[in-house]
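Everything in the sequence shown is counted per UniProt numbering, starting at 1 for the first residue and increasing by one.
Quick reminder that beta carbons are idealized off the backbone N, C-alpha and C, glycines included.
Working notes, structure below.
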Amino acid sequence: MIVPLVGNYNAHLLSVNTMEEHSFIIDWLHQNDPQHKTWYTGGVDTGMNSWKWTGDDTLISNLDQAFLPGQELEVERKIIAYNYSTYANRWGFLKVFGSEELPFVCEIHKEMLHLIIINERGLDYGMMVRDKRKIPRAPKITQEPITTIFDTSGRTESNDASIRCVADGYPHPRYEWFKEEYENNLLKLVPMDPMQDTRLSITDGELTIHKPDQIQDRGKYHCRASNQFGTVVSQSVQLGFGFINQFNIKRTKEQGKENWGKAIYCDPPQHFPSVHYYWARDYFPNLVDEDKRTFVSQDGNLYFSSLENIDRGYYSCNVQTVGFASTTGRTGPFFQLEVLSHPSSQQLQFPNNFPKAYPDAPIAGQDVRLECVAFGYPVPSYNWTRKGFYNELPKNALTTSYNRVLILPRVSIEDMGDYVCTASNGKNSVTKAVTLSIQAKPVFTIPLEDMHMDRGAILSWLCEAFGIPDVTYEWLKNGELLTFNAIPVEDRERIIVRNNVLTIHQLNALRDPGVYQCRATNQLGSTYSTGQLRVLTLRPSFLKYPLEPETYAVEGGNATIACRPEGAPTPRFFWRKDGQAIISDQRRRILPNGYLIIHPVNYGDAGMYACLAENTEGRDQSQGKLLVLRSPQFIQLPQKENFVYKNGTMSLQCEATSDQGLDLAYAWYLNGIKIEPKTYPHYSLGWHPGIIHLHNMTMAESGIYECLAKTPVSSVRSYATVEVHSPPGPVGGVQVLEIDNKDVMLAWSDGAPNGRAIENYMIEGRTQWHPEWMLIADRVLAAPSTHNRKQARINGHLLSPWCKYEFRISARNWFGLGEPSESSPIYNTDTDRPLKFPSNVGGGGGKVGDLTITWDTLLPQDQNAPGVWYKVFFKESDSNRDYRFEELRHRGNIGLHVVRVGIKNFYSIYIVKVQAFNDRGAGPISPEVEIFSAEDLPLAVPVQIAAWPHNSTALNVSWLPVDTSRESIRGKLIGFRLKYWLSSQSPLSSTYYLSRNTSNWALIVGLNPNTHYSVTVSCYNGAGAGAESEYFTELTFKSAPIKPPTSVMVQPISPTKIKVTWRYSAISSVEESLLGFKIRYWEADQDFSTYTDVIVDLGGSELEGEVSGLVPGVMYKLRVLGYSQGGDGRMSSPSWLFQIGGSAPGQVYAYSGVDRVVGASIWIVLSLILLVVNL
């Protein structure tokens, strides 16, 4: 039944040959079929598990992904249709019986478009109007009014409420506004007349109400636009009044338990419309920031997943208007939140009917917010999925607020379903779904179009709208309902209204023209579709569209001569060639729309053609010439089949001839897409325009190449195939058939083999714990599956339990490994007991009597199931008894436990091991490790303390070695604590120095010169310091030399030696006696810490010294200082910068400062002497 019907339109049922064509069709269906109908295509089952397209007689291949899932057993259904699956949440192929009455999708080749019978009439049909804006036409609403909320709190800024309606028409329409009121359940339209109410004004379709009154003016309004051709009605909109009342003045305090969840209710004031909620803490505007524990819901409440002590404070709920132009808000009273300590933490659970959706009854086109909050400790993390075949979220979905919130922008009917929130915290996991049901305001899928009909004809006007709940239909003419009673008695048999179809018989030019509207209504509102009806009587005229003066055709091709007169009723057509009448036959056909088709064309068809149009109002004709030319001919064709390796180079060549005087151009196409060599680097043109070079070829350059040789009147084509051999293309449709805790069975569809058969596969996977792809199995052999797919089972415990896995597959052939596939949907492996023992078992420390045991908790990817806990085993190292153990079942995934072993067992060796458990059972036990119990304070006390000055700011302190046995130190000796203070002050002002070594002496630095200090010493270990020794008092030396040497001079002595002289003043009474001087020098490009000192004793009266062993050509720095028992004194300044040696022996370049020269090169007699000696 379908095929003959499609054939009447010179088309055939749809064929889909590539996934790109499939994507194009489903995009069109998504945009144009919100009702999700089932659509026939040309796909049929030929038997032997083979399908083909009847339209182009090709087999269906590489389209396995297009079939909807769950049809493997549907062997009786032999026809392919497009259908939307709510289970898979997508459009795809559905097998049907073919006996159902369903809509269908057809297609026609672009070269056959001239065969489609088109008879379009526009608003200017029968009129010559130069300015399209002045075409006479009835009004149509171009801007519908929208619901308006007047802010009652903003009257001081603006005290007007406005609603706007805009219509297009010519002459320009006039506007009226009506308020809809009901009396005795009957609709009453009250005109908004500015002459009767001075508060009203209507300007260009905008109704303005000055000083609107909530009681008088609240309600529904609509506008009407009229001109001489009819009246159109807008949709009804609401005028509302927005307000927010005040919060209650006082509010009692709230209490919550530590590590338990808490919901704090906003208790907002009455308001209209909806509001946004904000929470402040301690003061306004210190707004509460959301984090993993804290969340402000769309319901206005403040949620804590797990309370902590830092949450104590004073809180206030605040509301802000939303939905209309206002900044009105209210601040609630502050109230106290107390956090009470609690011995246990809350188990994971969902509060307050979470997860839930806002709005709870969304309308298509709105943004939907799905919220998920869980109470429990540790603080949970969240994940969203959608129930269905793939568990995939809509493509435009996005998460926010630490994955608690799932946003679905501009929801559509396809987004309906069950959305699942999973909250997990490492100890437990809870899952719950929220069902999203979407309503839809009426939307026209078949809107009304303007109709320009012949007088006496039959009009069948169809409108169709989609909505949830279902829609009902009403018809209006010039703004008035077209009910049976409203139709004049004499027209009731002629005008018939049946739901969404309006039929008018014997159209009357005086009674029927006007503006018609189809109104679709459901519980969410009404939507209008508008069309103008004109009833025409016109004498045929070619004035607007005469025949083309010259039409070109090619011998052997097609010729279409368009005949497009305007006329009503539709004229009859007659054709003449060179004055002779043309009779339709197989080669020359006159179509119902007047077009003349000639096929094939020969030279005898050239001549003058005339089209005569005739109806009851008269006749007219137009004529034009047909010129017949020769088609271009190929003289060289490209090789039909071509093979090249990936990254290779090749050339294709074609050449054609044409009639003299006709330009001949060439173009190359790949798989129907024109090649632009300037845009694509893989192509370049040769010396002849019919030659194309292919460079560095990839798989994208494989396919059918088409050479097009074209003249202004005709074209010819030649084809060649190019195969690029390479590793296989990516496989598609990777899907898990079976999966348990360690093994998986996968199915997929092979990609292009690219010249060699596929030999084996590499399978990779990734989890939520390892985002990078990991090798699971290589060189896997596959077995056949259904629908030309492949499958393989991966055994050997290669997967991890309790993980979310994605898989991808790469195929391998003789040329190598191909590109990986797209990742599969996410699948969960089953749970299992722990397979790893806790690592890094250790411990020690704590208070005396404790055995502290630590270990690294199992990573999430190693837990393998919820409910992780641990069991610790311990015993004394010298004991032959069985292990004692403690089960930490109720402490969850912790990594520390303290065992009380008694004070007498201080610093004792224990053998410890740890075992992990989960809800599935016990894991392996860790290897034994030795751990010391906690230390006690040392009993040993250092004796025979002695001290002597080291310099003016340091003391050396010593004592006899202490007993380091366990009983004496009661742990491990870390070092000694030295306590020192000014002897003239109380020991309460003491300073402590910790010497972290076990030597029996220490150096105390940072002291004052010539000062008595008292010092005590005590042992310390990991538990702390023991008892202090008796104190010892000692005096530090006086100060080191305070003044630096001056007038430092440097003189050369030999190529490696210099002489240094200086001056110095007498010391003061606060300094120790001077012992001598130090000449301190170092290489200029080295750190100061590399210096060398030359000691000059204070034995003689000369203040000088020599420095030897210098390296010629090296730059040095030098300073001089005095020293005493008090230490090193201040150094001379600035540093001397000098270099010995140069172009002549003994040459010295000396600078008293690093940045300025104070002396030039000094040549001395010694230099000459040395020169002579060297000679």
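Test item: CB-CB of residue i and residue j under 8 Å
i	j	result
Cys-372	Arg-410	no
Ala-88	Pro-69	yes
Leu-1098	Leu-1074	yes
Asp-620	Pro-549	no
Ile-1067	Gly-1105	no
Glu-1083	Val-1050	no
Ser-526	Arg-534	no
Gly-892	Val-868	yes
Val-233	Gly-514	no
Ala-1023	Val-848	yes
Thr-711	Ser-658	yes
Leu-982	Ile-931	no
Cβ-Cβ separation, residue j to residue i (assumed contact under 8 Å), whole Å
i	j	result
Met-699	Gly-729	6 Å
Asn-795	Thr-831	With a Cβ gap of about 19 Å, Asn-795 and Thr-831 do not count as contacting.
Lys-253	Gln-336	4 Å
Val-443	Thr-521	The pair is not a contact, with the Cβ atoms about 12 Å apart (cut-off 8 Å).
Tyr-221	Leu-207	7 Å
Pro-938	Asn-1021	6 Å
Per DSSP, cross-strand counterpart(s) of residue i
i	result
Trp-1001	Ser-958
Val-471	Looking at the DSSP assignment, Val-471 forms no beta bridge with any residue, so it has no partner.
Ser-345	Paired residue(s): none; Ser-345 is not in a bridge.
Leu-406	Leu-370, Thr-399
Ile-163	Leu-207
Cys-707	Trp-668, Ser-718
Tyr-1064	BP columns for Tyr-1064 are empty, so no partner.
residue 1176	The structure shown does not extend to residue 1176, since the chain spans only 1 to 1175, so no value can be given for it.
Gly-329	Gln-320
Met-650	Leu-694
Lys-432	Cys-421
Ile-495	Ile-504
Lys-257	Leu-340
Ala-263	Tyr-303
Asp-45	Trp-51
Gln-298	BP columns for Gln-298 are empty, so no partner.
Gln-633	Thr-657
Lys-674	Tyr-669
Ser-460	Thr-503
Residue i beta carbon near the ligand ADP (any heavy atom closer than 7 Å)
i	result
His-950	Within the structure as shown, the ligand ADP is missing, as the structure has no ligands at all.
*Is the stretch 50 to 66 in contact with the stretch 347 to 363, if contact means three or more CB pairs nearer than 8 Å?*
no
*Answer yes if the stretch 178 to 192 comes into contact with the stretch 264 to 283, meaning at least three C-beta pairs across the two stretches below 8 Å, and no otherwise.*
no
*Can you check the UniProt domain "Fibronectin type-III" (837 to 936) for any alpha helix (DSSP H) of at least 4 residues that lies completely inside it and give the ranges in chain order?*
Here the runs fully enclosed are 860 to 863.
*Quick one: complete beta strand (DSSP E) runs, 3+ long, within the stretch 51 to 107?*
79 to 85, 90 to 96
*Can you list the beta strand (DSSP E) stretches of 3 or more residues lying completely in the UniProt domain "Ig-like" (139 to 238), in chain order?*
148 to 151, 160 to 164, 166 to 170, 174 to 183, 186 to 191, 200 to 203, 206 to 210, 219 to 227, 230 to 233
*Decide if the stretch 1030 to 1041 is in contact with the stretch 943 to 958; the criterion is three or more beta carbon pairs, one per stretch, under 8 Å apart.*
A contact exists between the stretch 1030 to 1041 and the stretch 943 to 958.
*Would you mind listing the beta strand (DSSP E) stretches within the UniProt domain "Fibronectin type-III" (941 to 1042) that are 3+ residues and don't spill past its ends, in chain order?*
946 to 951, 954 to 958, 975 to 982, 991 to 995, 1001 to 1004, 1012 to 1021, 1032 to 1035
*Quick one: which unbroken beta strand (DSSP E) runs of 3-plus residues sit fully inside the UniProt domain "Fibronectin type-III" (730 to 832)? Chain order, please.*
Positions of the beta strand (DSSP E) runs, each at least 3 residues long and wholly inside the UniProt domain "Fibronectin type-III" (730 to 832), are given as 732 to 739, 744 to 749, 760 to 767, 774 to 780, 790 to 794, 804 to 813 in order along the chain.
_Does the contact criterion of 3 or more C-beta pairs under 8 Å hold for the stretch 563 to 570 versus the stretch 133 to 153?_
As far as the Cβ criterion goes, the stretch 563 to 570 does not touch the stretch 133 to 153, which means the pair count is below three.
*For the 8 Å Cβ check, are there 3 or more pairs between the stretch 962 to 977 and the stretch 1052 to 1063?*
no
_Across the stretch 28 to 44 and the stretch 117 to 133, are there enough close Cβ pairs to call them in contact, namely three or more that are closer than 8 Å?_
no
*Assess, as a yes-or-no matter, whether the stretch 258 to 266 is touched by the stretch 372 to 392 under the definition of 3 or more beta carbon pairs within less than 8 Å.*
yes
*Just checking, does the stretch 607 to 627 make contact with the stretch 663 to 670 on the three C-beta pairs under 8 Å criterion?*
no
*asked:* Under 8 Å, with one C-beta from each stretch per pair, do the stretch 285 to 295 and the stretch 235 to 244 reach the 3-pair mark?
replied: no
*asked:* Three or more C-beta pairs under 8 Å: does that hold for the stretch 749 to 767 against the stretch 719 to 728?
replied: yes
*How about the stretch 946 to 955 and the stretch 983 to 994: do they share at least three Cβ pairs that are nearer than 8 Å?*
no
_As an exercise, report each continuous beta strand (DSSP E) stretch of at least 3 residues that is fully enclosed by the UniProt domain "Fibronectin type-III" (1044 to 1143), in chain order._
Entirely contained in the UniProt domain "Fibronectin type-III" (1044 to 1143), the beta strand (DSSP E) runs reaching 3 residues are, in chain order, 1046 to 1054, 1057 to 1063, 1074 to 1083, 1092 to 1097, 1104 to 1107, 1115 to 1124, 1127 to 1131, 1136 to 1140.
*Between the stretch 569 to 582 and the stretch 130 to 139, are three or more C-beta pairs nearer than 8 Å?*
no
*Secondary structure, beta strand (DSSP E): runs of 3+ residues fully inside the stretch 506 to 569*: 514 to 522, 525 to 536, 538 to 541, 550 to 554, 559 to 561, 566 to 568
*At least 3 beta-carbon pairs within less than 8 Å: the stretch 490 to 504 vs the stretch 429 to 443*: no
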